[in-house]
Each structure stands twice: as C-alpha cells, then as structure tokens.
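Under this note's numbering, the residues of the first sequence are numbered 3 to 370, in order. Where a beta carbon is used, it is the ideal one built from N, C-alpha and C, also for glycine.
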Amino acid sequence: MSALRFEIQATCPETGARAGLLHTAHGVVETPVFMPVGTQGTVKGLSPRELETDLDARIILANTYHLFLRPGHERIERFGGLHRFMAWPRALLTDSGGFQVFSLDTFRKVTEEGVLFRSHLNGDEHFFSPESTVDVQLALGSDIMMTLDECLPYPTGRDAALESMNRTIRWARAGYAHYQRREKSPHCALFPIVQGSMYADLRLACAEALLELDAPGYAIGGISVGEPRDLSQEVVAVTAPALPADRPRYVMGVGMPEEIPRYIACGVDMMDCVLPTRNARNGYLFTSQGKVVIKQAQYIDDEGPLDPACHCYTCRTFSRAYLRHLFQSGEILFSSLATLHNIRHFLDLMRRARQSIIGGKFPEFLRT
RNA sequence: GGACAGGUGGGUGAGCGGUUAAAGCCAACAGACUGUAAAUCUGUCCCUCCUUGCGAGGUACGAAGGUUCGAAUCCUUCCCUGUCCA
Numbered sequence: 003m004s005a006l007r008f009e010i011q012a013t014c015p016e017t018g019a020r021a022g023l024l025h026t027a028h029g030v031v032e033t034p035v036f037m038p039v040g041t042q043g044t045v046k047g048l049s050p051r052e053l054e055t056d057l058d059a060r061i062i063l064a065n066t067y068h069l070f071l072r073p074g075h076e077r078i079e080r081f082g083g084l085h086r087f088m089a090w091p092r093a094l095l096t097d098s099g100g101f102q103v104f105s106l107d108t109f110r111k112v113t114e115e116g117v118l119f120r121s122h123l124n125g126d127e128h129f130f131s132p133e134s135t136v137d138v139q140l141a142l143g144s145d146i147m148m149t150l151d152e153c154l155p156y157p158t159g160r161d162a163a164l165e166s167m168n169r170t171i172r173w174a175r176a177g178y179a180h181y182q183r184r185e186k187s188p189h190c191a192l193f194p195i196v197q198g199s200m201y202a203d204l205r206l207a208c209a210e211a212l213l214e215l216d217a218p219g220y221a222i223g224g225i226s227v228g229e230p231r232d233l234s235q236e237v238v239a240v241t242a243p244a245l246p247a248d249r250p251r252y253v254m255g256v257g258m259p260e261e262i263p264r265y266i267a268c269g270v271d272m273m274d275c276v277l278p279t280r281n282a283r284n285g286y287l288f289t290s291q292g293k294v295v296i297k298q299a300q301y302i303d304d305e306g307p308l309d310p311a312c313h314c315y316t317c318r319t320f321s322r323a324y325l326r327h328l329f330q331s332g333e334i335l336f337s338s339l340a341t342l343h344n345i346r347h348f349l350d351l352m353r354r355a356r357q358s359i360i361g362g363k364f365p366e367f368l369r370t
C-alpha cells in the first residue's frame, strides 16, 4: 500500500501523452510535471516562498547522498524531517545517490552489496546499501523515494551494462523488501529505476523485472550521461511503454525545453533537470524566442524585457541591460532573478503541455 | 636641492642577457552546462597577411643613444612617478 495515488485525467489519442494528478502526503501534483532540483535542500537561488507563491511548484527534488553528508539525515530527522527543516510544505522527491555513482565516480567503489563512497567533502568513507538509502530517505521524510541504482556512463559495453543492470535490479528488490518491512502504513512511495544503458533489450528486460515489485511509480535512469540527444529519446521511447500505464513514469535528468514535449509524448509524467537552475546561474536564459545568453555584449543597451511573453517577476520588472549588468558584476541578485525566470519557463511549458492534453490538442502542441 | 625605490601588453604584476609576443591574476569577448563536487569550467585576448600552421611578417617592456652575435633584462643621458630628508 502506498500513500501515493496517481489519477489520470486525460490521455492523448494520438501519442502516449497523458495528464494526471499525483496525490501525495504533501499536496497534489499536476502532471506532466517538471521538478526543480534542490540537491542540498534548496533550489539554488530561490526561496521556498518564491517556489510556492511566484512559481507554484508542487514538487521539488533533494538528494540523499548530499544531505546524508551534510548536515546529516539524523539531524534533519530530529528537526522533524526535511520539509520542516527547509520550510517546504509541498511534495519532495529524493534521489537515492545513484546519480553520484556516475557524477562522483572517482570517489566511490561499487560492490554487490552497495556503494562505498569517499566523501568529496572530507574524504570520510560511507557505505550506501539498498537498505541504508531507504533508511536515510525515510529519515528525511521524502514523499517519493528512489531505490539505489547504478547510473552508468556513456558509452558502456553491453556485457558491463547487463551486469550492472542486474545489480540495479537486485538492489531495487532489496531496497523494496526493506522498505516494506519498515513501513507498515507508509506516508511515502518508493520508485525503482530502470537501467540498461542504451540497449533496448536490456531496458525492456530491466523494466519487466522491476514490474514484479508492483511499485506505485517507475523511473527511467541512466540517460543524460553524455550520449547524443536522439539516443536518450530513443531509449525513453522504447522503455516508457513497458512501464505500467496506470502509474507515473519519471524520466530522470531531462531535459532541454524542446526535448520535454517529446518525452511527454512517450507517456512520461515526471521529469527533473539541473539545466534551468544551473544555466540560469551561468547566464543562459530560456525564453519563448530561444536562448538568451545574457552576458553577451549585444544586450548591453537592451531596454526590453528578457522574454516579452513571460509573466515572471524578472520579465515584468527588469531590462535585459540590467540583467546583463547584474551578471557581469557578479551580483547575487542575478542568480536569483535568472533562476526564477528559467524555472518559470519550464513550469509554464509543462502547464501548457498539460492543458493541451486535457484540451485534446497535444499533437498540435508537440508540433510547435 | 638631496637620498632611495620604481616606470612591462586594457588593469595588476612576474621576468632581470638568448628557450619572451612576454607567466599568473583581473577585466573584456565567446563557448559549454541535462537524477548539481558548478555563483562552475573551457577557449580567445598587440597588428597585418595567408596555403589557418606549435605559419609568415611588423610593431612592443617611459624616451634616446650605447655594449653585445643577441637587450624588457647591462651601461649613459634625459623624462616621469612614489617615499623620505632639507
């Protein structure tokens, strides 16, 4: 039994797209949804107030590995959980640390039992097992937890991918069993993660094996690891239909605004990505007219708004010239205003996608 | 008037006879960024030319002379700046 309930409101008759409601212990999430990334218990540059009031974000991410290291999951638990600690009343999804197997590959060793991490902060060793990552996420009070997985780099040979995929399946089973032992009446959900590198048959085999867990939702991981963008979409297009149609499907780590509708068309309901937040801080802004690299000299006297079609505070209030000035000056306000806008751009994109599905116009939306 | 210290590319600042068109940093310009080791990282950054190459010329380390095969680096004079003393 899961605290998570997924309700499908509309499906696109031509594509796999669907619109739904994800009922969590911390509110309703309208899908398809883009989830801003708040690795260390904060979406960099934004306050929870902005996320809630200005942006109406319903769910954000946090990270097990990073919060385990600092400030520590037990400390957060003593505070009453991560929601209270970071003053975020809405839904939280926590990644398991599986991505750090990929991104911090020089600091870890993978074994059958789990991952031995050497802290990137101080060198201390910490062992992450399928069970311990569930425990940490329970301590954080996550609404949607992820099983520990091994996120492979690209390219990975087929044999290595098969071996790793089987380990990820064993970890998912172990994590799931532990979760069911610990949570008799859960307030949260645990999603397994499909791996298999870029091999369609491995992806399908992995999905099939994970189905027996009867999880309330499934994720597709191991993409956006350096492969060509077309390949990421092919892998998702093959994998998503193999996951239960009545459960939310989550593609981890995507994507550019032009890619997102294509994932939705595959029947994907949830996505997260660091692009809007990280690129914002680096002066790369997403607009209705394409990218605006605000640091470019061409904007030095530009009196116009960042994106005339956007209604965010940044676009309503400031000129491109001023935003460029803030970036050039290294002012902290820039990060804040830029992130506010970029997240708004992504969330608006999702809202339009959702409305088009509900209104039966998703195919047209997909073409624009 | 005297004594020291010093004048280097947009800025700062190394270099103190050849491997120096001249380190590093900053600024400027451009690029990257996809479950965040990221307010990070990479490249360009005197001028001209082309067959775009660890290419060819031309300028360049306050100024002018000089020593030397060779000078940002040594010598002379001058100009300028700073500190101190009268």
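Query, Result
"Validate contact between the stretch 336-344 and the stretch 308-320 using beta carbons, cut 8 Å, 3 pairs", "yes"
"C-beta atoms of residue 374 and residue 174 nearer than 8 Å", "With the chain running from 3 to 370 in the structure shown, residue 374 is simply not present."
"Beta-carbon proximity check, residue 39 vs residue 241, cutoff 8 Å", "no"
"Delimiting residues of the alpha helix (DSSP H) encompassing residue 129", "Where residue 129 is concerned, there is no enclosing alpha helix (DSSP H), although the beta strand (DSSP E) it sits in stretches over 127-130."
"Stretch-stretch touch, CB-based, cutoff 8 Å, three pairs: the stretch 99-116 with the stretch 77-88", "no"
"Spatial distance of residue 326 from residue 53 (CA atoms)", "23 Å"
"Straight-line Cα distance separating residue 267 from residue 84", "33 Å"
"Distance between beta carbons of residue 116 and residue 154, contact taken as under 8 Å", "The pair is not a contact, with the Cβ atoms about 16 Å apart (cut-off 8 Å)."
"First through last residue of the beta strand (DSSP E) which encompasses residue 38", "35-38"
"According to DSSP, residues forming a beta bridge with residue 317", "DSSP lists no partner for residue 317."
"Cross-strand partners of residue 20 (DSSP beta bridge)", "13"
"Boundaries (first-last residue) of the beta strand (DSSP E) holding residue 289", "286-289"
"Reduced DSSP category for residue 31 - H, G, I as helix; E, B as strand; rest coil", "strand"
"Cα-Cα separation, residue 3 to residue 98", "With a pLDDT of only 48 at residue 3, under the threshold of 50, the placement of this residue in the model should not be trusted; the figure read from the coordinates follows. Taking the straight line joining both Cα atoms gives about 21 Å."
"Other residues of its chain near residue 20: CB distance less than 6 Å, five sequence neighbours each side excluded", "10, 13"
"Identity of the residue in 309, 288, 28 nearest residue 145 by Cα", "28"
"Inter-residue spacing [alpha-carbon to alpha-carbon] between residue 204 and residue 217", "20 Å"
"Opposing strand residues paired with residue 61 [DSSP bridges]", "93"
"Span of the beta strand (DSSP E) around residue 222", "220-222"
"Cβ pair count under 8 Å reaching 3, the stretch 342-362 against the stretch 30-47", "yes"
"Contacts around residue 289, its chain only, beta-carbon distance under 6 Å, and the 5 residues preceding and following it disregarded", "309"
"Cβ contact check for the stretch 178-197 and the stretch 121-138: 3 or more pairs under 8 Å", "yes"
"Per DSSP, cross-strand counterpart(s) of residue 118", "111, 129"
"Proximity of residue 224 and residue 199 at Cβ, strictly below 8 Å", "yes"
"Residue 283, DSSP secondary structure in three states", "helix"
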